[in-house]
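In what follows, a structure is listed as structure tokens, so that the remarks can point back to it.
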Amino acid sequence: MNQEAAQAERSGADTRAFAQHKRAQKRAAAEEIGVDAEFIDHLVEAFYGRIREDALLAPIFAERIADWPSHLTRMKAFWRSVLHNSGEYSGNPMLKHLAIPGLELRHFAHWLGLFYETLRDVEGQDAATELVGGRARMIADSLLTAITMRRDGLAGGRAGKDLPHV
Numbered sequence: 119m120n121q122e123a124a125q126a127e128r129s130g131a132d133t134r135a136f137a138q139h140k141r142a143q144k145r146a147a148a149e150e151i152g153v154d155a156e157f158i159d160h161l162v163e164a165f166y167g168r169i170r171e172d173a174l175l176a177p178i179f180a181e182r183i184a185d186w187p188s189h190l191t192r193m194k195a196f197w198r199s200v201l202h203n204s205g206e207y208s209g210n211p212m213l214k215h216l217a218i219p220g221l222e223l224r225h226f227a228h229w230l231g232l233f234y235e236t237l238r239d240v241e242g243q244d245a246a247t248e249l250v251g252g253r254a255r256m257i258a259d260s261l262l263t264a265i266t267m268r269r270d271g272l273a274g275g276r277a278g279k280d281l282p283h284v
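Residue 119 is where the sequence shown starts when you use the numbering used here, and the numbers rise one by one after that.
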């Protein structure tokens, strides 16, 4: 192996080690405020229980989800990836949401309202609500903005500005 290749290999190993270290730090920080795997599982189960009973959102989900246990497993992996940087989720939520006709601000605002309500019911610390609620809002903003920009062009670039905060 030449010197350049050896250096590139060390650099790659350093990058992987750094990424693993950062993932561990992120997970430890979340777990320190009570956002562990058990918390995420409970939050996802409780939240989607509310979604399935909600007059506005239940029909949208019912049209697309036939296997709820599988969906919940996927959503738990998604939230662990978001909150612990676990890297275990490999889907594309943006494409899934872009494919749903008629989604708009009221849907995302309502989704966030239910999410925040569930989060307040299950959280143990205010810091957990801030962390998880903040990430949920960023996700909703990103999805809504992409949907609106696809429909309205650049005019939709601030579509999520009026979404509620936790």
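Even for Gly, the Cβ is constructed at its ideal location relative to N, Cα and C.
Straight-line gap, residue i to residue j (C-alpha atoms, nearest Å)
| i | j | result |
| --- | --- | --- |
| Leu237 | Arg253 | 12 Å |
| Ala176 | Ser129 | 48 Å |
| Leu174 | His225 | 8 Å |
| His189 | Glu241 | 22 Å |
| Thr263 | Arg192 | 23 Å |
| Ser260 | Leu232 | 18 Å |
Span of the alpha helix (DSSP H), counted from its first residue to its last, around residue i
| i | result |
| --- | --- |
| Gly252 | 244–270 |
| Ala227 | 223–240 |
| Arg276 | Run containing Arg276: none; DSSP gives neither H nor E here. |
| Gly152 | Neither: Gly152 is in no alpha helix (DSSP H) and is coded neither H nor E. |
Whether residue i touches residue j by CB criterion (9 Å)
| i | j | result |
| --- | --- | --- |
| Ile265 | Leu221 | yes |
| Gly278 | Arg255 | yes |
| Arg198 | Ile158 | yes |
| Pro187 | Ala227 | no |
| Leu161 | Val284 | no |
CB contact check: residue i to chain D, cutoff 9 Å
| i | result |
| --- | --- |
| Arg192 | Of the protein chains in this structure there is only one, and it is not chain D. |
>> Quick check on the DSSP output: what are the complete alpha helix (DSSP H) runs of length 4 or more inside the segment 183–212, in order along the chain?
In response: 186–202
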